[in-house]
Amino acid sequence: MSVAELEAREIALERPSGLWHDAWHRLKRNPGAIVGFVLVLSFVLVAVFAPVLAPYDPRRQGLEGALGSSGPSLDHPFGLDQLGRDQLSRIIFGARFSLLIGIVSVAVGLSVGLVLGSIAGYIGGFVDTVIMRLMDVMLSIPGLLLAIGIVAMLGPGLTQIMVAVGATQIPIFARLLRGSILAQRENDFVLAARAVGVPRRTILASHILPNAISPVIVQGTLALATAIIDVAGLGFLGLGPQDPSTPEWGTMLTDTTRYLQTAPYLALIPGAAIVMSVLGFNLIGDGLREALDPKLRGRG
Amino acid sequence: MSTNGRPLLELDALKVYFPIKSGLVLDRHVGDIKAVDGVSLTIERGETLGLVGESGCGKSTVGRAILRLYEPTDGRIVFDGRDITHLRERELRPLRRRMQMIFQDPFASLNPRHSVGRIVGEPLRVHGLASRRTVGPRVRELLEIVGLPSDAGSRYPHEFSGGQRQRIGLARSLALNPDFIVADEPVSALDVSIQAQIVNLLERLQREFELTYLFIAHDLAVVRHISDRIAVMYLGSIVEVSPADDLYTTPLHPYTISLLSAIPIPDPAVERQRETILLAGDLPSPANPPKACRFHTRCPYVQPTRCRDETPPLRELLPGHTVACHWAEDIRAGKIQPHEREAELGAPPPVTVEIPPPV
């Protein structure tokens with residue numbers, strides 16, 4: 001029996017597995033990623049089922065128990081804020097805003113960045129130079145400052161914040177994808193596809209992008225964390241949702257810092273919520289980076 | 301297939317230059333990497349032409365330019381009587397069915413995200429030769445032809461060994477029933493035991509499907525085994541073309557002589573007496589190749605006249621055996637002996653090479 005036949009018998013014993021299947025398999029064995037998953041999953045569940053979970057209406061004020069005069073109690077585990085609103089309910093509803101803002105702004109940055117990055121990377125030449133210099137200009141302005149500028153231009157509000165934070169992410173995604181495409185473009189399998197006569201657009205869509213996308217996915221999860229922080233930062237600076245009754249974590253933080261000495265828990269709890277959600281996304285991002293690394297394929 | 305005596309492929313003074321660019325915003329063209337500089341070759345139907353030369357001499361570029369993966373700078377590529385040098389991609393597509401390529405690195409040449417079935421079936425789908433229903437049986441047939449289990453189609457490239465992946469690449473290139481295959485160092489990334497398998501498979505396929513090969517390699521032993529004729533390349537140009545066995549028995553060009561003298565012989569008695577000619581220095585930069593005979597900076601037989609100021613043309617010295625050396629007759633007759641020489645340093649400044657965008 002020839003070597004080839006022996007090997008053929010051997011591989012017939014294993015089940016076929018795709019790259020995503022493999023990555024998932026590796027992700028499951030990464031304790032950090034599991035913790036991240038649990039954090040993010042509970043975050044998402046809280047956001048989705050906020051009306052069911054929240055014991056009170058997050059907007060209902062009650063000045064009788066406001067601030068300090070009643071600390072955390074069985075009725076109000078996280079206490080009441082300066083306007084006597086139940087802090088727990090506000091945190092729970094705040095998850096909705098943070099998640100929404102995070103996802104929408106990353107979606108904005110990701111989609112625009114992907115288009116610009118693919119054009120720059122695949123077409124190259126003058127187009128590439130123009131797009132990338134533009135991205136450099138955007139990157140040279142600190143992200144939060146750029147976001148503040150955009151919010152100042154568009155006016156404060158939830159939609160504006162999402163657009164602003166999304167815009168600051170565009171150059172990161174564009175650069176990442178361009179570099180990744182450049183690396184993939186010279187691969188032999190791309191040449192092979194061209195030799196076969198596969199049209200350019202199909203080569204980009206079915207050969208280059210799927211291989212270039214994994215760093216972008218990792219960056220996407222990490223960007224969700226950054227977006228949540230940026231939005232909280234904008235809220236903290238007073239550029240958040242202008243309706244003061246909106247339970248947004250960053251705004252809650254600003255409103256309660258004034259009472260830090262008498263009721264520290266009011267500021268600590270939204271802060272902890274921000275940290276937990278950001279940590280969750282970061283852990284998943286790190287786990288994905290390891291799981292998707294092609295150099296680690298075949299192991300484990 | 302029409303057989304009317306004309307060669308399947310003709311290269312006429314083919315040049316492939318890669319521009320060297322510098323500048324931040326506007327790219328200035330500051331020079332060229334002359335990867336292929338005036339290569340003329342003919343490949344007859346059904347033959348295997350071996351193309352050998354050291355790394356960086358432009359042999360892979362020749363292969364890729366033939367398939368129009370690189371844009372030729374000058375010269376002509378004539379495939380089956382048709383000038384394809386400047387055909388547009390759309391006009392080229394029907395011709396792509398007739399010429400295919402096998403790559404050196406079996407790990408880089410298969411898309412890791414696609415199943416083997418998709419990889420092998422892609423040429424069929426692109427050219428509309430198989431529908432969703434008929435592609436499966438054809439893929440299984442192709443896999444069996446190259447000696448893989450027919451159920452390999454549902455697996456992914458990383459599940460296969462190097463030799464098996466090379467078989468997958470072969471199945472892909474056979475899918476369109478081509479006449480001509482450029483095999484770019486198809487075995488140099490494989491273990492020696494596997495090399496023999498793949499070479500034998502290539503030979504069997506050639507007989508079965510009447511294939512013509514351009515077999516690019518740097519391993520002279522493998523090339524001798526598979527080739528009918530061999531072309532030796534040095535720094536972007538052909539220095540010698542000869543029937544395979546003649547090249548080994550009567551090498552005419554000093555470069556070929558030095559290459560052959562470097563092959564170790566598995567016999568200690570012979571090995572002790574064997575005289576190796578060591579070439580001085582490195583391959584000169586193709587951005588600034590030596591004038592006249594490109595080999596004169598390293599040639600152990602270099603002469604005071606002609607070599608440095610006159611470009612040697614390819615001349616037919618023996619039947620079917622051409623060489624580009626002014627002194628080939630004298631070297632063959634033993635009138636000129638090799639001498640030790642120092643490397644001529646006059647290295648041009650280092651340049652950054654920009655890989656050209658796909659055409």
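For the record, the sequence lines run as chains X and Z.
Numbering follows the numbering used here, with no gaps: position 160 of the first sequence is 160.
Take the position in the second sequence, starting the count at 1, then add 300; the result is the number in the numbering used here.
We put the beta carbon where it would ideally sit given N, CA and C, even for glycine.
Among the options, the one whose alpha carbon lies nearest that of residue i
i                            : options                                   : result
serine 206 of chain X        : Z:Ser415, Z:Val570 and Z:Arg504           : Z:Ser415
leucine 110 of chain X       : X:Phe78, X:Ala174 and X:Arg96             : X:Ala174
threonine 256 of chain X     : X:Leu39, X:Phe43, X:Ala183 and X:Gly84    : X:Gly84
methionine 239 of chain X    : X:Ile150, X:Gln169 and X:Ser42            : Residue identity check: residue 239 of chain X is leucine in the sequence provided, not methionine. Looking at the Cα atoms, X:Ile150 is the closest of the given residues.
aspartate 484 of chain Z     : Z:Asp383, Z:Asp519, Z:Ala633 and Z:Gly536 : Z:Asp519
proline 319 of chain Z       : Z:His458, Z:Ile557 and Z:Pro372           : Z:Pro372
isoleucine 141 of chain X    : X:Val231, X:Pro171 and X:Ser89            : X:Pro171
glutamate 510 of chain Z     : Z:Ile631, Z:Leu442 and Z:Leu474           : Z:Leu474
cysteine 357 of chain Z      : Z:His621, Z:Pro584 and Z:His596           : Z:Pro584
valine 352 of chain Z        : Z:Asp567, Z:Cys599, Z:Ser527 and Z:Val316 : Z:Ser527
phenylalanine 411 of chain Z : X:Lys28, X:Val163 and X:Glu186            : Inspection of the sequence shows that residue 411 of chain Z is occupied by asparagine rather than by phenylalanine. Ranking the options by Cα distance to asparagine 411 of chain Z, first place goes to X:Glu186.
proline 199 of chain X       : Z:Pro612, Z:Leu442, Z:Pro394 and Z:Ala313 : Z:Pro394
glycine 143 of chain X       : X:Ala212, X:Gly79 and X:Leu234            : X:Leu234
histidine 82 of chain X      : X:Ile103, X:Ala267, X:Met162 and X:Asp230 : Rather than histidine, the amino acid found at residue 82 of chain X in this sequence is glutamine. Ranking the options by Cα distance to glutamine 82 of chain X, first place goes to X:Ala267.
serine 661 of chain Z        : Z:Ser322, Z:Tyr317 and Z:Leu341           : Because residue 661 of chain Z is not part of the residues shown, which for chain Z are 301 to 659, the question remains open.
proline 182 of chain X       : X:Gly124, X:Thr159, X:Pro210 and X:Phe189 : One point to set straight first is that residue 182 of chain X is leucine, not proline, in the sequence displayed. With distances taken between Cα atoms, leucine 182 of chain X lies closest to X:Gly124.
threonine 550 of chain Z     : Z:Pro486, Z:Thr622, Z:Gly469 and Z:Leu311 : Z:Thr622
alanine 164 of chain X       : X:Pro55, X:Met138, X:Gln184 and X:Gly179  : X:Met138
leucine 547 of chain Z       : Z:Ile366, Z:Ile468 and Z:Arg632           : Z:Arg632
Buried/exposed call for residue i, threshold 16 Cβ in 10 Å
i                            : result
threonine 202 of chain X     : exposed
glutamine 637 of chain Z     : exposed
phenylalanine 379 of chain Z : buried
leucine 308 of chain Z       : buried
lysine 635 of chain Z        : exposed
glutamate 422 of chain Z     : buried
isoleucine 343 of chain Z    : buried
phenylalanine 281 of chain X : buried
lysine 591 of chain Z        : exposed
lysine 28 of chain X         : exposed
arginine 306 of chain Z      : exposed
proline 262 of chain X       : Here the sequence assigns threonine to residue 262 of chain X, which means proline is not the residue at that position. Threonine 262 of chain X comes out exposed.
leucine 283 of chain X       : buried
valine 45 of chain X         : Strictly speaking, residue 45 of chain X in this sequence is leucine, with valine absent from that position. Counting Cβ neighbours within 10 Å, leucine 45 of chain X comes out exposed, since fewer than 16 surround it.
alanine 521 of chain Z       : exposed
phenylalanine 189 of chain X : buried
asparagine 30 of chain X     : buried
glutamate 640 of chain Z     : exposed
Contacts that residue i makes with chain Z (C-beta to C-beta distance below 7 angstroms)
i                        : result
glycine 197 of chain X   : Arg393, Arg396, Val426 and His427
histidine 207 of chain X : Asn411
9 angstroms Cβ cut-off: residues of chain X touching residue i
i                         : result
asparagine 500 of chain Z : Here the premise fails: no neighbours, minimum Cβ distance about 11 angstroms.
leucine 410 of chain Z    : Asp188, Phe189 and Ala192
leucine 367 of chain Z    : Leu191, Arg194 and Ala195
arginine 472 of chain Z   : Ala192 and Val196
Chain X contact residues for residue i, given Cβ-Cβ distances below 8 angstroms
i                            : result
phenylalanine 403 of chain Z : Asp188, Leu191 and Ala192
glutamine 400 of chain Z     : Ala195 and Val196
glutamate 422 of chain Z     : Ala193, Val196 and Val198
Beta-carbon neighbours of residue i, restricted to chain Z and to distances below 9 angstroms
i                         : result
histidine 25 of chain X   : Residues of chain Z passing the Cβ test: none, with the nearest at roughly 13 angstroms.
asparagine 211 of chain X : Asn411, Pro412 and Arg413
Proximity test, residue i beta-carbon vs the ligand FMN heavy atom, cut-off 7 angstroms
i                        : result
glutamine 400 of chain Z : For the structure depicted, the ligand FMN is absent and the ligand set is empty, with no information on it obtainable.
message = Could you tell me which whole alpha helix (DSSP H) segments of length 4 or greater appear in the region 113 to 140 of chain X?
response = 125 to 140
inquiry  = Threshold first: 3 residues or longer. Then list the beta strand (DSSP E) segments lying entirely within the region 389 to 421 of chain Z, N to C.
reply    = Within the region 389 to 421 of chain Z, the complete beta strand (DSSP E) runs of at least 3 residues are 399 to 402.
query = Enumerated in chain order, which unbroken segments of the beta strand (DSSP E) with a length of 3 residues or greater are wholly contained in the region 321 to 396 of chain Z?
reply = 328 to 343, 348 to 352 and 374 to 379
request  = Check whether the region 550 to 564 of chain Z touches the region 574 to 592 of chain Z, taking contact to mean three or more Cβ pairs, one atom from each stretch, closer than 8 angstroms.
outcome  = yes
Any 3 or more C-beta pairs closer than 8 angstroms across the region 399 to 412 of chain Z and the region 461 to 480 of chain Z = yes
key: 4 or more residues per run - each alpha helix (DSSP H) lying fully within the region 221 to 257 of chain X   = 249 to 257
task = Would you check if there are 3 or more beta carbon pairs closer than 8 angstroms linking the region 99 to 116 of chain X to the region 75 to 84 of chain X?
result = no
query = Can you list the beta strand (DSSP E) stretches of 3 or more residues lying completely in the region 536 to 596 of chain Z, in chain order?
reply = 537 to 543
ask   = Touching or not, the region 89 to 102 of chain X and the region 188 to 199 of chain X, by the rule of three or more beta carbon pairs under 8 angstroms?
value = Contact check between the region 89 to 102 of chain X and the region 188 to 199 of chain X: fewer than three CB pairs, one atom from each, fall below 8 angstroms, which does not count as touching.
query = Using 8 angstroms as the Cβ pair cut-off and three pairs as the minimum, do the region 598 to 615 of chain Z and the region 623 to 633 of chain Z touch?
reply = yes
message = Threshold first: 4 residues or longer. Then list the alpha helix (DSSP H) segments lying entirely within the region 457 to 530 of chain Z, N to C.
response = 462 to 474, 492 to 509 and 520 to 526
key: contact_flag[the region 591 to 600 of chain Z, the region 566 to 574 of chain Z] where n(CB pairs < 8 angstroms) is 3 or more   = no
ask   = Can we say the region 213 to 223 of chain X touches the region 282 to 292 of chain X, given the rule of at least three CB pairs closer than 8 angstroms?
value = Contact between the region 213 to 223 of chain X and the region 282 to 292 of chain X is established, with three or more Cβ pairs separated by less than 8 angstroms.
query = Does the region 362 to 370 of chain Z come close enough to the region 441 to 448 of chain Z to have 3 or more Cβ pairs within less than 8 angstroms?
reply = Under the three-pair Cβ rule at 8 angstroms, the region 362 to 370 of chain Z does not count as touching the region 441 to 448 of chain Z.
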